[in-house]
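The opening residue of the sequence shown carries number 78 in our numbering; numbering runs sequentially from there.
The beta-carbon is built from N, C-alpha and C at its ideal position, and this holds for glycine as well.
Worksheet for the structure shown next.
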Amino acid sequence: MKDFEKLRVNKELEKIRIVSIGDFDSRPCGDPHINKTLEIGNFYVEKIKRVGNDRYRITFRVE
């Protein structure tokens with residue numbers, strides 16, 4: 078990934094993976110993941126912020 082150095086990566090992580098959505102986006106990820114959506118409790122969208130013409134930043138939390 079040519080822009081990898083621009084991405085925010087927690088330097089304390091021993092291991093990260095790159096999650097890609099086709100040709101749309103690629104991001105580093107070091108967080109825990111679930112195996113099935115059934116494992117998610119309540120999902121709350123806390124904020125939606127427009128960050129470009131067709132881009133939004135969505136802040137959420139799960140319990």
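Which residues DSSP lists as bridging residue i, in chain order
{"i": "Val96", "result": "Arg104"}
{"i": "Gly129", "result": "Arg132"}
{"i": "Lys124", "result": "Thr136"}
For residue j and residue i, the rounded distance between their alpha carbons
{"i": "Glu140", "j": "Phe120", "result": "7 Å"}
{"i": "Gly118", "j": "Asn130", "result": "32 Å"}
{"i": "Arg132", "j": "Glu91", "result": "31 Å"}
{"i": "Arg138", "j": "Cys106", "result": "16 Å"}
{"i": "Asn112", "j": "Ser103", "result": "20 Å"}
{"i": "Glu114", "j": "Asp108", "result": "It is Thr, not Glu, that sits at residue 114 in the sequence shown. For Thr114 and Asp108, the distance between alpha carbons rounds to 16 Å."}
Reference residue i; option with closest CA among the options
{"i": "Val122", "options": "Val128, Asn112, Ser97, Arg134", "result": "Arg134"}
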